Structure formats: C-alpha cells, structure tokens
Amino acid sequence: MPTSPAKFTGFSAETLRFLLELAQNNRREWFNERKAFYKETVEGELRRLVLSTSAALAKKKIPLSTEPKKAIFRIYRDTRFSADKSPYKTNLGAVFNTGGKPGSGVLYVHVEPKASFIAIGFYQPDQLGLTRIREAIADRWKEFKSVISRLDRAGLVLGGSEVLKRVPRGFESFADAECAHYLKYKSFVVSRRLTETDLRSPELPAKLTLFASEGLPLLKFGWTALGRQP
C-alpha cells in the first residue's frame with residue numbers, strides 16, 4: 678500500500694542557516710561538501726512545501742496545483758552572461774501554475790533569510806500577452822477596478838517590476854483615462870512578505886493558499902484576457 682507524502686512541518690533552522698552560510702561561501706568546493714545535506718534536507722523541505730500547498734490549493738479548487746519536479750527552481754545560477762560568476766542562488770524558489778510560464782499567471786514563493794516573500798500574478802508576460810492584458814484593462818475597466826478593490830481589501834497593492842513613463846503605443850486614446858496608470862505596467866503582481874516565523878511554521882501551506890485565494894481575482898481577469906481556461 679503506497680504511503681502518503683510527508684507533510685510540510687516548517688523549514689528547519691538548519692535549512693535557513695544553510696542559506697545564510699551559502700551567501701557567505703558561494704563556492705563550488707563549499708557547496709559540494711554539503712551537497713548531500715542540500716538534496717536531502719533543504720530541497721526535501723521545499724518539496725514537502727510544494728506537495729502540501731498543492732494539496733491545499735486543490736482542496737480549495739484553486740487551479741495552481743503542481744508537482745515538485747515542475748515547481749522547484751534549480752539552485753544553480755546561469756552565469757554565462759552575468760558579471761557575477763557566483764555559481765549558486767542564495768534563495769529557494771518554487772512556482773505554482775497551470776503549466777505555463779511566469780507571464781501566464783503564477784503563485785511564487787521565495788525563501789531567503791530576511792528577504793522571503795510570496796507573489797501572485799503575471800510577471801513579465803510576452804508582448805502578445807501583455808497587449809491582451811492591457812486591452813482587457815482598457816475595455817473592461819470597471820471589472821479591473823473591482824479586482825483592484827478586492828486586492829486592496831486584502832491588503833495587497835498591485836505593482837509592476839517596470840512601469841512606462843507614458844501609455845504604450847496603441848493606447849494613446851487612454852492617456853487621460855482613469856485606467857492609464859495600469860496600462861503602463863509591464864507586470865501585474867501582488868506580493869506579501871514572509872517572516873522567519875512564517876517559514877518555520879507548519880501553517881505555511883495554509884498561508885500560501887489563503888494568499889492565492891486573495892489574488893485569484895487578478896489571475897482570473899488575466900486568464901480571461903489571455904483566452905486561457907485553467
């Protein structure tokens with residue numbers, strides 16, 4: 678009889694200490710000496726977080742469930758085009774989505790001592806996707822305004838990694854419209870900080886699931902704009 682996967686019980690002090698020490702010793706020799714610990718303990722705890730959160734999301738019928746193999750980001754950095762040749766990331770990351778790219782609407786968890794957070798939304802969608810979301814905002818402004826209000830009530834502020842100084846080409850007729858500010862966004866994301874207490878808690882999957890439910894109106898609006906049926 679198959680056994681159920683182990684539940685997430687919180688990130689251990691040893692895992693958080695590993696990330697702190699990795700930031701100070703970002704070298705292959707140091708990491709290789711501790712690779713077994715990383716694979717078994719650090720990555721193991723992250724896998725359990727993904728599994729427990731995916732189960733909670735499915736129970737709430739939030740279409741973001743995934744599996745660790747697809748969700749977890751590799752710890753190895755791509756240094757080919759970077760001046761920083763540090764070989765490893767100093768954070769853990771996992772993404773929950775419906776099988777698309779970050780620009781197609783995702784829930785993301787970032788674990789980094791003193792800089793941990795969760796985020797949900799559409800991060801740097803491709804040009805076609807970005808245009809479709811902007812068109813939806815302009816054409817269905819009242820609906821999008823309602824989404825913003827629901828996010829506000831949850832204490833979430835819509836932001837973007839980059840914001841244009843002017844409305845983009847093709848949207849000049851909306852330059853003075855109420856929606857103009859949001860047409861300048863290149864990403865549509867809300868986030869919330871995670872404390873060390875959050876990371877150590879077995880209730881972290883529930884916290885992620887609640888956050889996902891609060892951000893779901895944004896995802897649904899964007900999915901409709903992109904013509905997706907998750």
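Under our numbering, the sequence shown has 868 at position 191, and the numbering climbs by one with no breaks.
Ideal Cβ positions, reconstructed from N, Cα and C, are used throughout, including at glycine.
This structure is a prediction, so every number in the text was calculated from the model and none was measured.
Can you check the segment 734-804 for any alpha helix (DSSP H) of at least 4 residues that lies completely inside it and give the ranges in chain order?
745-748
Would residue 702 be called buried (16 or more neighbouring beta carbons within 10 Å of its own) or exposed?
Reading the sequence shown from its first residue, position 25 is the one you call residue 702. It is exposed - the Cβ of residue 702 has fewer than 16 other Cβ atoms within 10 Å.
Between which two residues does the alpha helix (DSSP H) containing residue 877 stretch?
Position 200 of the sequence shown holds residue 877. Element bounds for residue 877: 873-877.
What is the DSSP secondary structure of residue 711, reduced to helix, strand or coil?
Residue numbering aside, residue 711 sits at position 34 when the sequence shown is read from its first letter. Residue state, collapsed to three classes: coil.
Which residues does DSSP list as the beta-bridge partners of residue 817?
As a first step, residue 817 is located in the sequence shown; it is residue number 140 there, counting from the start. DSSP, once it has assigned bridges, lists no residue as partnering residue 817.
Please state whether the Cβ-Cβ distance between residue 749 and residue 713 is less than 7 Å.
Along the sequence shown, one-based indexing puts residue 749 at 72. Along the sequence shown, one-based indexing puts residue 713 at 36. In this structure, residue 713 does not lie closer than 7 Å to residue 749 by Cβ.
Look at the Cβ atom of residue 899, then the Cβ atom of residue 863, and state whether they are nearer than 7 Å.
Position 222 of the sequence shown, counted from the first residue, corresponds to residue 899. Position 186 of the sequence shown, counted from the first residue, corresponds to residue 863. No; because the gap between Cβ atoms is not below 7 Å, this pair is not in contact.
So does the segment 736-748 actually touch the segment 819-832, counting three or more Cβ pairs closer than 8 Å?
no
Identify every residue that forms a DSSP beta bridge with residue 862.
The residue you call residue 862 lines up with position 185 of the sequence shown. 840.
Proximity to residue 684 [Cα-Cα], best of 839, 724 and 848:
On the sequence shown, residue 684 is found 7 positions in, with the first residue counted as 1. Nearest C-alpha to residue 684: 724.
Starting from the C-beta of residue 698, find all residues in its chain whose C-beta is less than 7 Å away, skip the five residues before and the five after it, and write them out in chain order.
Start at 1 with the first residue of the sequence shown, and residue 698 comes out as number 21. Taken in chain order, the list of residues that qualify is empty.
Decide if the segment 846-865 is in contact with the segment 879-892; the criterion is three or more beta carbon pairs, one per stretch, under 8 Å apart.
no
For residue 692, report the span of its alpha helix (DSSP H) as first-last.
The residue given as residue 692 occupies position 15 in the sequence shown. Looking at the DSSP string, the run of the alpha helix (DSSP H) that includes residue 692 is 690-701.
Select from 745, 903, 757 and 867 the residue whose C-alpha is nearest the C-alpha of residue 888.
For the purposes of this step, residue 888 is taken as residue 211 along the sequence shown, with counting starting at 1. Nearest option by C-alpha distance: 867.
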